[in-house]
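A.B. asks: First the structure, then my questions, so here it is.
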Amino acid sequence: AAGNLLAQGQTGEVVICGASVTSGYVNNDEANRCAFTDGWFRTGDQGYLDADSYLFLTGRLKEIINRGGEKISPREIDDVLMTHPAIAQAVAFAVPHAQLGEDLAAAVILKDSVNISEREIREFLFNRIADFKVPSQIVIVDMIPKGPTGKLQRIGLAEKLAGHLKKSPIAPRNETERIVAGIFAEVLNIKNFGVEDNFFALGGDSLTGVQVASRMQAIFDIELPNVLIFRKPSVAQLADEITAVMESTDKLSMEILQEMENLSLEEIQKLLAATD
290 AAGNLLAQGQ
300 TGEVVICGAS
310 VTSGYVNNDE
320 ANRCAFTDGW
330 FRTGDQGYLD
340 ADSYLFLTGR
350 LKEIINRGGE
360 KISPREIDDV
370 LMTHPAIAQA
380 VAFAVPHAQL
390 GEDLAAAVIL
400 KDSVNISERE
410 IREFLFNRIA
420 DFKVPSQIVI
430 VDMIPKGPTG
440 KLQRIGLAEK
450 LAGHLKKSPI
460 APRNETERIV
470 AGIFAEVLNI
480 KNFGVEDNFF
490 ALGGDSLTGV
500 QVASRMQAIF
510 DIELPNVLIF
520 RKPSVAQLAD
530 EITAVMESTD
540 KLSMEILQEM
550 ENLSLEEIQK
560 LLAATD
């Protein structure tokens, strides 16, 4: 960004120069100022040179997504998604976000006769890339819109897929979902959303996510990691996790009681004293 040439292995904008490269635009000083630095033509591509000086392209600079200060190359997300055996085509793209500026989504086309959920695709990504690079929303579509030349175009894809990104809200189906939905409504100050809607797509961020985790722990009296909402960002997913934790805790308590039935009063008193 500062115009300095980078060392091998460092990622930056690809620049070129030589006899085959234009020397500039005619009567357009502004275009020349933006396109050239110290005689190098700025291509707008992002990439790096490996130890043998082979060039690897990692994306287009204008497509880089700024997710609350974290810079994400959507092409990297595409490449990881395409390693999933069920995915035939994938493209990551930016969606507007009230607090973060931009959030990340991805559209995928599944291979014929394959059935996999959006949740499973996100879990697949969590095991392969940094958490902040995992799209908040995965939409499974039959076709991804293309530009006039037949190529996939990330810019503007959020508008073209708006119907898939915004789904009909599903009301809470049990008491746990109702309570978690109430926490979402309080923290985000919104009303109209469903239990499958993504917390971050609704306007949430890391700070409000911590508030949600704190409220859930206080209400249900269980331990939950603050980062849980990044992996399970919907009311339904969080409610399922809360239920699983509570059932596990109840089972553990029952096992402890059953073990204590076989202890003498003296042994129980020693156990309590040892555990304070």
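Under the working numbering, the first residue of the sequence shown is numbered 290, with each subsequent residue one higher. In this text, a Cβ means the ideal position worked out from N, Cα and C, and glycines have one as well.
(1) Which first and last residues belong to the beta strand (DSSP E) in which Asn-481 is found?
(2) Specify the secondary structure class of Asn-293 as computed by DSSP and reduced to three states.
(3) Could you compute how far the alpha carbon of Val-403 sits from the alpha carbon of Ala-308?
(4) How many whole angstroms separate the CB atoms of Ile-531 and Ile-511, which I take to be in contact at a CB cut-off of 8 Å?
(5) Measuring alpha carbon to alpha carbon, tell me which of Trp-329, Leu-389 and Leu-446 ends up nearest Phe-489.
(6) Is Gly-492 closer than 8 Å to Ile-479 when the C-beta atoms are compared?
(7) Comparing C-alpha positions only, which one of Glu-475, Arg-349, Val-380 and Phe-413 sits nearest to His-373?
(8) Hey, could you find the ends of the beta strand (DSSP E) Asp-392 is sitting in?
(9) At a cut of 8 Å, does the segment 320-333 reach the segment 381-395 through at least three beta carbon pairs?
(10) Which of helix, strand or coil does DSSP assign to Leu-541?
(11) Measure the C-alpha to C-alpha separation of Phe-509 and Val-380 and round it to an integer number of angstroms.
(12) Do three or more CB pairs link the segment 409-428 to the segment 333-353 at distances below 8 Å?
(13) Check whether the segment 424-437 and the segment 458-478 are in contact - that is, three or more C-beta pairs closer than 8 Å.
(14) With H, G and I counted as helix, E and B as strand and the rest as coil, what does DSSP make of Lys-422?
(15) So the candidates are Arg-520, Asp-318, Val-303 and Asp-529; which of them puts its Cα closest to the Cα of Asp-420?
(16) Since I believe Arg-322 is in contact with Gly-333 (beta carbons under 8 Å), could you give me their beta-carbon distance rounded to a whole number of angstroms?
(17) Buried or exposed for Met-505, please, with buried defined as at least 16 other CB atoms from any protein chain shown within 10 angstroms of its CB.
(18) Note down the Cα distance separating Glu-536 from Glu-365, rounded to an integer number of angstroms.
(19) DSSP on Gly-471, reduced to helix/strand/coil?
(20) Taking the alpha-carbon of Ile-398 as reference, which of His-386, Val-384, His-453 and Ile-361 has the nearest alpha-carbon?
(21) Going along the chain, which residues of its own chain have a beta-carbon closer than 8 Å to the beta-carbon of Asp-486, five neighbours each way excluded?
(22) Taking the continuous alpha helix (DSSP H) assigned at Lys-412, which residues delimit it?
(23) Cutting at 8 Å between CB atoms, please list the residues of its own chain near Pro-569, excluding the five before and the five after it.
C.D. replies: Once the coordinates are examined:
(1) That residue, Asn-481, is in no beta strand (DSSP E); it is neither H nor E in DSSP.
(2) coil
(3) 51 Å
(4) 7 Å
(5) Leu-389
(6) yes
(7) Phe-413
(8) 390-399
(9) no
(10) Residue placement at Leu-541 cannot be trusted, given a pLDDT of 48 that sits under 50; what the coordinates show is reported in the next sentence. Correct three-state label for Leu-541: helix.
(11) 39 Å
(12) no
(13) no
(14) helix
(15) Arg-520
(16) In fact, because the Cβ distance is near 15 Å, the residues do not count as touching under 8 Å.
(17) buried
(18) 39 Å
(19) helix
(20) His-453
(21) Lys-456, Pro-458, Ser-523 and Val-524
(22) Contrary to the premise, residue 412 reads as Glu rather than Lys in this sequence. Glu-412 -> alpha helix (DSSP H) spans 407-415.
(23) This structure does not reach residue 569, given that the chain is present from 290 up to 565, and the question cannot be answered.
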